[in-house]
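The sequence shown: position 238 = 226 (my numbering), numbered continuously. Every residue gets a Cβ at the ideal spot worked out from N, C-alpha and C, and that includes glycine. Small disclaimer: the values here were computed from a predicted structure and weren't measured.
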Amino acid sequence: MPSTEKAPRGKYYITTAIDYVNASPHIGHAYEKIAADVLARYHRMQGEDVFFLTGVDEHGSKVEKSAQQAGKSPKDFCDEMSSKFITAWKNLDISYDSFIRTTEDRHALVVQEVFRRLRAKGDIYKSSYSGLYCDGCEDFVRERDLVDGNCVFHKVPPKTVEEENYFFKLTKYKPLIKEWIEANPDAVQPEGRRKEVLNQLEDPELGDFSVSRSRASLSWGIPVPDDADQVIYVWIDALSNYITGVGFQTDEAKFAQYWPANLHLIGKDITKFHAIYWPAMLMGADIVVPRQIYAHGFITVEGQKLSKSIGNVIDPNSLVAQFGDYGSDALRFYLLAATPFDQDGDYSRERLISTVNAALANNLGNLLNRTLTLVDKYCDGRVPISDPEHTLREQSNTIHVVIAQHMERLEFAKTIDAILALVDQTNKYLADEKPWALFKEGKDLQGRDILYTSLEVIRRVAMEIYPFTPKLAQAIWHQLGYEDHVGTIGDSRKLDGFFDTIEPGQIVRNEGPIFRRIGEDDEPTAGSKPEGKKK
Ligand code: ME8
């Protein structure tokens, strides 16, 4: 093994919610997948053995109904819709390791096994039930939670359902779930959600829940083993994707390698299912519970909730296309920079343009451009030899430690702030120290030291910003003179990368503005095309 390669530093299994395919992907779906991708890339860079699972939730009455409305068979409809999600994630550079579809055969095996285990233990029993069911929530709702007879989330009246179903004995597990959450403060995060879940556990009305539907009311799902009249209802089906995805029942070595998940990343509306139902089901099936469930906030668009009727459900693909070559970096950066991850945030085209232009084109782009122009002019286009110690360099070492703490807590906006503060400071440093004047005065040693420091900061910034804006980081890496094959910067084998320093003598590539301002004309404007090359 070459000396730069080290054994992986442990595993990191991250999942996202699997999206319903009843409609096309939207910015809220994109937000979550981007955040998960940032974490996956970040952990890969730390040398961890990362497995990143995402996918789609294809069963249930919601999808069945949408297929019907589209005049398609559920299978054809799911194929078509799933490919839209796959395209969106490709356009957003989502580097998942596996994309799961709940209609896959490997998944049916798992869902049925979980069901069998719970039934064998007596945790699943049959009982008749009558209640109000909301298709949008894929859940039973309480009369007193309705507003004007409608579900608060979906604004439609729930239907009355009366049938014989299988039920899961959640009541048996409630005390255990409470104990688990109390003993593991990180298990459910952020803090506000953790409190909410602990409160829900105190609610006597949170009782056993239905895990199947009669075939007459739901046919698009996985059959209950040994009961042809019943179909497994969405939540056992959907939640089990997290174990199917790492080989439960099909690849035990892989399952042992990656399970339990380090992080289930989900939106705040499905916290109860993940923080209460899922661990209870796992406990019942004698499977270890996940390490952490993190529920992020919701994204609105120009101040409004995403809604088909308002017509503001923007397709992430069109957003990426709007902003040119770096469209995916722009959207990724903006969504995570603009809002603390535990809070609700807003997408605004105008704010995206101003944030991205200020941070990436002006602040970071200018730092690189000015530095390389000076390196070309005064150092023959090579990284200069210099006295290695300097406070800014020390600071750029410390920043990695600070960022590691923020990333541990999923504080993406703070991470980005820390990176941008370092860039600001380095721009100011160049302006104050005026290396060009030093060279003119014959103070070459000092001039070189300043340029070296700036190059070293840029190298560090490229690495730190890589999980957020992988294309841009790779382009900076290229201009700094590093190997040009894709993936170099995020290569997990370069474990010590953050604390390496840029090599004196390395030939830089001053190929002009790295990230041009976006949104100022109709043409895609951001690009890496060489322009105004100085040499
Ligand atoms: O809930 N902002 O699917 P889904 C941020 N299939 N996140 C949002 C959002 C918004 N405006 N709208 C939705 C489901 N999300 C189930 C999950 S997991 C075993 C099964 C998030 O398509 C939402 O919170 O309704 C969820 O995490 C994900 O997008 C998929 O939502």
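Counting C-beta atoms within 10 angstroms of its own C-beta, H31 has 16 or more neighbours from the protein chains shown and is therefore classed as buried. Per DSSP, D133 is not a residue of any alpha helix (DSSP H), being assigned neither H nor E. A distance criterion of 6 angstroms places the beta-carbon of A226 in contact range of the ligand ME8, judged by its closest non-hydrogen atom.
R107 and G507 have their C-alpha atoms roughly 57 angstroms apart. Here H252 is bridged, per DSSP, to T3 and I281. In the three-state reduction of the DSSP assignment, Y84 falls in the coil class. Placement of the Cβ of G233 at a distance of 6 angstroms or more from every heavy atom of the ligand ME8 is found. Membership of I287 in the beta strand (DSSP E) is indicated by the continuous run I287 to V289.
Secondary structure of L97 (DSSP, three-state): helix. Closest in C-alpha terms to V212, from the list D7, F103 and S316, comes F103. Shown here, A175 sits in coil according to DSSP, grouped into three states, outside any helix or strand. P62 carries a helical assignment under DSSP once its states are collapsed to helix, strand and coil. In the structure shown, N153 adopts extended strand secondary structure according to DSSP, grouped into three states. Relative to the ligand ME8, the beta carbon of A175 is positioned no closer than 6 angstroms to any heavy atom. Within the stretch 225 to 272, the complete beta strand (DSSP E) segments of 3 residues or longer fall at 251 to 255, listed in chain order. Between the C-alpha atoms of S200 and I165 there is a straight-line separation of about 22 angstroms.
For L27, the enclosing alpha helix (DSSP H) covers residues I15 to M33.
K162 and R182 have their C-alpha atoms roughly 15 angstroms apart. Less than 7 angstroms separates the beta-carbon of V44 from that of I6. Q100 has its alpha-carbon roughly 16 angstroms from the corresponding atom of R203. By the Cβ rule, the stretch 349 to 361 counts as touching the stretch 440 to 460, because three or more pairs are nearer than 8 angstroms.
A349 sits in a helix when the DSSP states are folded into three classes. If you check the CB distance, K50 and N10 come in under 7 angstroms. Distances taken from the Cβ of D257 to the heavy atoms of the ligand ME8 include one shorter than 6 angstroms. Selection I88, I302, F321 and P146 evaluated against T343 yields F321 as nearest (Cα-Cα). Here the distance from the Cβ of L27 to the nearest heavy atom of the ligand ME8 is not below 6 angstroms.
Taking 7 angstroms as the cut-off, the beta carbon of F197 is found closer than this to the beta carbon of L158.
The way I'd put it, the stretch 13 to 32 does touch the stretch 302 to 311; three or more beta-carbon pairs between them come closer than 8 angstroms. Using a Cβ distance threshold of 7 angstroms, T441 and H378 count as a contacting pair. Looking at the backbone, the Cα of N345 and that of E151 are separated by about 57 angstroms. In the DSSP annotation of this structure, R337 is not part of any beta strand (DSSP E); the continuous alpha helix (DSSP H) holding it starts and ends at R337 to V344. As the crow flies, the alpha-carbon of N187 is around 21 angstroms from that of F156. S336 places its beta carbon less than 7 angstroms from that of E290. The closest heavy atom of the ligand ME8 lies less than 6 angstroms from the beta carbon of D45. At least one heavy atom of the ligand ME8 lies closer than 6 angstroms to the C-beta of Y8.
At least 7 angstroms separates the beta-carbon of M395 from that of T386.
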